[in-house]
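Take a look at the structure set out below.
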Amino acid sequence: MQFWSQTYIPTLKESPAEAEIESHKLLLRAGLVRRVGGGLYAFLPLGKRVLDNVTEICREEMNRGQAIELLMPAVIPTEQWKEGPRWNAVREVMFQVISAGKDAKVPEEPQYVLGPTHEEVITPLIGSEISSYRDMGKTFYQIQTKFRNEIRPRYGLMRAREFIMKDGYSFDANDEDAEATYHRIAKAYDRFFARCGLDFISVEADAGIMGGAFSHEYMVPAEVGDDDVVYCQECGYSANVEKATSGLVPRDIVDAEPIGELEKFETPGAKTIEKLAQEPYNIPADAQFKTLLFVGDEKLFVVVVRGCDQVEEAKLSSLGYQLIRPATVDEIFEAMGAYPGSLGAIKGTLKDRSKLDGIYGDEALRLIGNGVTGANEKAMHVKNVNVRRDLDLDRFGDFRKVQEGEPCPKSGQPLKIARAIEVGHIFKLGTKFSENEKFGAMFDDADNKSQAAVMGCYGIGISRTLQAIIEQSHDKWGIKWPWSVAPYQVVITLLDPDLEEAATLANTIGVAAEAAGASVLVDDRAERPGVKFKDADLIGIPLRITIGGRGLKNGVIELKWRDEDDKQEVAIAKATSIIASAIREKASN
RNA sequence: CGGGGCGUAGCUUAGCCUGGUAGAGCGCCUGGUUUGGGACCAGGAGGUCGAAGGUUCGAAUCCUUUCGCCCCGACCA
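Using this note's numbering, you'd call the opening residue of the first sequence number 951 and step up by one each time.
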């Protein structure tokens, strides 16, 4: 039993200007966290309790999924990272620890980095321990503070520079076992997020720089999310928009025959798809070719999509480049001989085809058949461009962003798109990290042949999950904590703390509630009732038990669930047993 | 890193355009009256106006620089 007057819950009536979204405001107003610096937060006592609850649920479900907890250092020797496959891709987001002591020299490369995740550490760590296939089939995890120097921290704990993460890593002897592990952990994730009281979906995801065979993200639908999720209500297909495909292009599509000779025409001032779609040209966006240049690993390449489509940059990684960025105007001119607005990929019109590592066409171009594109000359476009005959494409691929309403690739029903918060991500990694001779994880198989462990990695943003719960479960009065993670599950609102009879009863009921398995907070402050009710609502305690002089006279106390509107009066004589059974019922759900 | 906005008491903010030495609400402290949904009265403490430089007799206010925060974009394991 915790007395309010003896803990520290600094609630705020107004929300600080730093917070924009509801969950962030409530984190601050309910006295859960305080900002220390940009993207850096301190957990106050109440916040720490929720964090511990979420952490414990995570631990239980990981353990149930046969994962083994360990703890690695957050400070990691840089060398370890440089040997891994991601150094160039992630060094920018890593905090680098340069040196210690007044006389220490600042080295060109930092000696240490603060871990954003731990593949580079655990792979050699476990790799140097294991040697036999008999040691395979292990999954490790840790719950730890992680560091990423986010370009733009925002929304409180949602995207912070320092945050708490559960990261897990599995080592299996072969693909089949690795997939079984993957599915076992996926089930643990399902249980974890369900126990946190979240509505969530798991979606097919882009593996990003982690690479690997496949991956799923755990998404909490919310307007303030950073990701777009594509889903089909009909068949359950769901994927991150970075990965999602649609049935827009029929599998049996037949390419259109040319409808005429190429014909250049003047388009003064028309440098955009929109302009060409208007008077006097009237060429619909879905009859235009959009020609875009990117640089992948320092090599220029071209992607052509329909004028009405957007390139999904994440999908370009399927082309095999590690680092991809849009090309600069100068780079474009050198290869194409023209500037954006007049670009086209028609054979023979490019200034220097040899500067291009490839020209890739989106599959949906085939829906156009014959269309319009830039002539690689200022203020000139070309019509009657036939996809097969005229475009200088190396190959087709899926490079476009799926749009709402397109047919589901599985069921053909219209796809929906929703914003969501990514709270977990699991990857089947394969041998990307393990196959390194020195820093990898090799083992001898039954035939005494050396093999790389087939790995998987599994992340949960613990602190982000905490905020996602608030984002999904609040009203205008405050947070509505699910029973499982509430900082306290029961608050006894003592309206007249000086009344001995009331204080005694509060104690009796508090003891009974704790015995039934609830954590109890007693509001014994010398505040007016309104203040106590408002605070109880704000900090979101699931069950409020009100004890006041007025009720005592009538022999009753009051029960109020945070997620229900009605209050319930209970005779004092029956109170402890009613409360105890209500708590047991909640706890068993 | 580009674009925009904001820095005045613990929190929310007025004042800035048009320079004259800072005001309110909440919170906090004291006393009193209150007491079932953020009470009332009286008194009180609390501000180098983000920082530095400049203009001026005089700067929260005008100018320059700088730092921090927030938003949009880019980015995002």
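Cβ coordinates follow ideal geometry from the N, Cα and C atoms, glycine included.
Chain-order list of residues whose beta-carbon lies under 8 Å from that of residue i (same chain, five-residue window excluded)
| i | result |
| --- | --- |
| Thr961 | Arg979, Ala980, Gly981, Asp1485, Leu1488 and Ile1489 |
| Thr1458 | Thr1526 |
| Gln1030 | Glu1070, Val1071, Pro1074 and Phe1389 |
| Ala1138 | Glu1011, Met1012, Arg1014, Gly1015 and Ala1017 |
| Asp1425 | none |
| Asp1395 | Tyr1083, Ala1123 and Gln1401 |
| Tyr1132 | Ser1120, Ile1376, Lys1378 and Gly1406 |
Same chain, Cβ closer than 6 Å to residue i, five either side skipped, listed in chain order
| i | result |
| --- | --- |
| Lys1240 | Val1255 and Gly1257 |
| Val1174 | Ile971 |
| Gly1287 | Lys1301 and Asn1326 |
| Tyr992 | This sequence places Ala at residue 992; Tyr is not what is there. These residues qualify, in order along the chain: Arg984 and Val986. |
| Gly1308 | Phe1251 and Asp1344 |
| Ala1468 | Gln1439, Val1440 and Ile1533 |
| Ser1152 | His1166 and Tyr1168 |
| Ser1423 | Lys1430 |
| Asp1513 | Lys1430 |
| Gly1499 | Asp1446 and Leu1449 |
| Gly997 | Leu982 and Val983 |
| Ile1367 | Asp1178, Val1180 and Glu1354 |
Reference residue i; option with closest CA among the options
| i | options | result |
| --- | --- | --- |
| Asp1117 | Val1025, Phe1377 and Lys1430 | Phe1377 |
| Asp1344 | Ile959, Tyr1139 and Leu1269 | Leu1269 |
| Asp1481 | Val1470, Leu1445 and Gly1355 | Note that residue 1481 corresponds to Val in the displayed sequence, not to Asp. When only C-alpha atoms are compared, the closest one is Leu1445. |
| Pro1479 | Val1435, Leu1455 and Pro1447 | Pro1447 |
| Gly1298 | Asp1340, Ile1533 and Asn1232 | Asp1340 |
| Ile1093 | Arg1102, Arg1009 and Ala1110 | Arg1009 |
| Asp1140 | Val1170, Asp1156 and Asp1125 | Val1170 |
| Asp1202 | Glu1313, Glu1154, Gly1158 and Gln1272 | Glu1313 |
| Lys1517 | Ile1497, Cys1358 and Lys1225 | Ile1497 |
| Ala1017 | Pro1103, Tyr1408 and Glu1464 | Tyr1408 |
| Arg1014 | Asn1038, Glu1029, His1068 and Arg1134 | Arg1134 |
| Lys1360 | Val1245, Gly1186 and Glu1262 | Gly1186 |
| Ala1456 | Ile1495, Val1004 and Arg1350 | Ile1495 |
| Pro1364 | Asp1002, Val1335, Ser1196 and Asp1425 | Ser1196 |
| Gly1219 | Met1330, Ala1157, Gly989 and Glu1033 | Met1330 |
| Ala1128 | Asp1474, Lys1503 and Ala1402 | Ala1402 |
| Gly1106 | Gln1417, Pro1432, Glu1464 and Asn1539 | Gln1417 |
| Ile1466 | Glu1477, Glu1535 and Asn1398 | According to the sequence provided, residue 1466 is Ala. The question's Ile does not apply to it. Looking at the Cα atoms, Glu1535 is the closest of the given residues. |
| Ala1110 | Leu990, Glu1263 and Lys1399 | Leu990 |
| Ser1267 | Glu1192, Pro1208 and Asp1205 | Glu1192 |
| Asp1280 | Lys1265, Gln1272 and Leu1243 | Leu1243 |
| Lys975 | Arg1104, Pro1023, Tyr1062 and Leu1020 | Arg1104 |
7 Å CB neighbourhood of residue i in its chain, flanking five on each side removed
| i | result |
| --- | --- |
| Phe1283 | Tyr1289 |
| Pro1066 | Val1040, Val1043, Met1044, Lys1096, Phe1097 and Arg1098 |
| Trp1511 | Pro1492 and Leu1493 |
| Lys1305 | Leu1250, Glu1284 and Ala1285 |
| Ser1081 | Phe1393 and Asp1394 |
| Leu1502 | Glu1451 and Ala1452 |
| Glu1216 | Ala1329 and Met1330 |
| Ala1163 | Lys1378 and Gly1380 |
Cβ-Cβ separation, residue j to residue i (assumed contact under 8 Å), whole Å
| i | j | result |
| --- | --- | --- |
| Ile1522 | Val1506 | 6 Å |
| Phe1090 | Gly1411 | Incorrect: roughly 18 Å between the Cβ atoms, too far for contact. |
| Asp1085 | Phe1393 | 7 Å |
| Val1373 | Arg1414 | 6 Å |
| Phe1383 | Pro1035 | 7 Å |
| Asp1342 | Ala1295 | 5 Å |
| Ala1130 | His1375 | Not quite, the Cβ-Cβ distance comes to about 19 Å (not below 8 Å), so this is no contact. |
| Val1352 | Leu1212 | About 31 Å separates the two Cβ atoms, so there is no contact after all. |
| Asp1178 | Arg1369 | 6 Å |
| Val1435 | Gln952 | The pair is not a contact, with the Cβ atoms about 17 Å apart (cut-off 8 Å). |
| Val1332 | Arg1316 | Incorrect: roughly 18 Å between the Cβ atoms, too far for contact. |
For residue i: DSSP bridge partner residues
| i | result |
| --- | --- |
| Val1335 | Gly1321 |
| Val1254 | Thr1241 and Gly1311 |
| Val1179 | Asn1190 and Ala1368 |
| Ile1114 | Thr1095 |
| Gly1347 | Asp1312 |
| Arg1275 | Val1245 |
| Gln1401 | Phe1393 |
| Trp1511 | Leu1493 |
Just to confirm the assignment: which complete alpha helix (DSSP H) runs, minimum length 4, are found wholly within the stretch 1019–1103? Segments of the alpha helix (DSSP H) lying fully in the stretch 1019–1103: 1028–1032, 1037–1040 and 1069–1077.
Runs of alpha helix (DSSP H) wholly within the stretch 1120–1160 (minimum 4 residues, chain order): Taking only runs of at least 4 residues, the alpha helix (DSSP H) segments lying wholly in the stretch 1120–1160 are 1125–1145.
Entirely within the stretch 1471–1495 and at least 4 residues each: give me those alpha helix (DSSP H) ranges in chain order. The stretch 1471–1495 contains these whole alpha helix (DSSP H) runs: 1479–1489.
Could you name each continuous beta strand (DSSP E) segment of 3 residues or more that falls completely within the stretch 1403–1450, going from the start of the chain to the end? Those beta strand (DSSP E) runs which fall completely within the stretch 1403–1450 and span 3+ residues are 1404–1411 and 1440–1444.
What ranges does the alpha helix (DSSP H) occupy inside the stretch 961–1002, keeping only unbroken runs of at least 4 residues that lie completely in it? Scanning the stretch 961–1002 from its first residue to its last, the whole alpha helix (DSSP H) runs of 4-plus residues come out as 972–979.
As an exercise, report each continuous alpha helix (DSSP H) stretch of at least 4 residues that is fully enclosed by the stretch 1189–1238, in chain order. Every alpha helix (DSSP H) of 4 residues or more that sits fully in the stretch 1189–1238 is shown, in chain order, as 1223–1227.
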